[in-house]
């Protein structure tokens, strides 16, 4: 993170975009350039303009959408460093990422049969990341 010119956050759905927006808010306290990409078209556009040392976080519940396959192939083709943040199961996104972060997301069913997945652990990951990154900066006497 320290050497990244820009940190990009991409969420594959509405709840994942909420995680990305909150992650952007807290990451901006320690990094000057943090951008949320709202859909795969924005991600594809930025790939041609991004720097070699930029960092991408891809936030997904399943890690298995068709759009993700195309996006991860493009990230790999352009040799972009990306970190997947997904639930604790083997998935295509995690397999293709440079680094994987697995979070727990329990799905349960509401009284009307609708499935609901909790994203609290996604938020906790980014909160922990910022705290640990801050400790790293302090320990190494690095200003951001």
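In my numbering, the protein residues as written are 461 to 604. Using N, Cα and C, we set each Cβ at its ideal position, and we do this for glycine too. Computed from a predicted model, the values in this text were never measured in an experiment.
> Secondary structure at residue 602, three-state DSSP: helix, strand or coil?
Replying inline: Position 142 of the chain shown holds residue 602. Coil, per DSSP.
> Within 10 angstroms of its Cβ, does residue 544 collect 16 or more other Cβ (buried), or is it exposed?
Replying inline: Locating residue 544 in the chain shown gives position 84, counting from the first residue. Result: buried.
> How should residue 520 be labelled, buried or exposed, when 16 other C-beta atoms within 10 angstroms of its C-beta is the threshold for buried?
Replying inline: As a working mapping, residue 520 is identified with position 60 in the chain shown. Within a 10 Å sphere around the beta-carbon of residue 520 sit 16 or more other beta-carbons, which makes this residue buried.
> Can at least three beta-carbon pairs, one atom from the region 468-485 and one from the region 493-511, be found at a separation below 8 Å?
Replying inline: The region 468-485 vs the region 493-511: in contact.
> Run through DSSP, which three-state label would residue 516 get?
Replying inline: By one-based count along the chain shown, residue 516 stands at place 56. Strand.
> Rounded C-beta distance between residue 606 and residue 518? I'm assuming under 8 Å.
Replying inline: Outside the shown range of the chain (461 to 604) lies residue 606, about which nothing can therefore be said.
> Among the residues of its own chain, which have a CB less than 6 Å from the CB of residue 560, if the five just before and after it don't count?
Replying inline: In the chain shown, the residue the question calls residue 560 occupies position 100. Spatial neighbours of residue 560 in its own chain (CB-CB distance under 6 Å, excluding positions within 5 residues in sequence) are listed in chain order as 544, 554.
>> Buried or exposed, going by whether 16 or more other CB atoms sit within 10 Å of the CB of residue 523?
In response: As a first step, residue 523 is located in the chain shown; it is residue number 63 there, counting from the start. Flag for residue 523 reads buried.
> How would you label residue 465, buried or exposed, when you count the other beta carbons within 10 angstroms and need 16 or more for buried?
Replying inline: As a position in the chain shown, residue 465 is number 5, starting the count at 1. Exposed, since its Cβ has fewer than 16 Cβ neighbours within 10 Å.
> What are the complete beta strand (DSSP E) segments, minimum 3 residues, inside the region 477-540?
Replying inline: Entirely contained in the region 477-540, the beta strand (DSSP E) runs reaching 3 residues are, in chain order, 494-497, 515-519.
> Who are residue 469's beta bridge partners in DSSP?
Replying inline: Your numbering for residue 469 matches position 9 in the chain shown. According to DSSP, residue 469 bridges with 496, 517.
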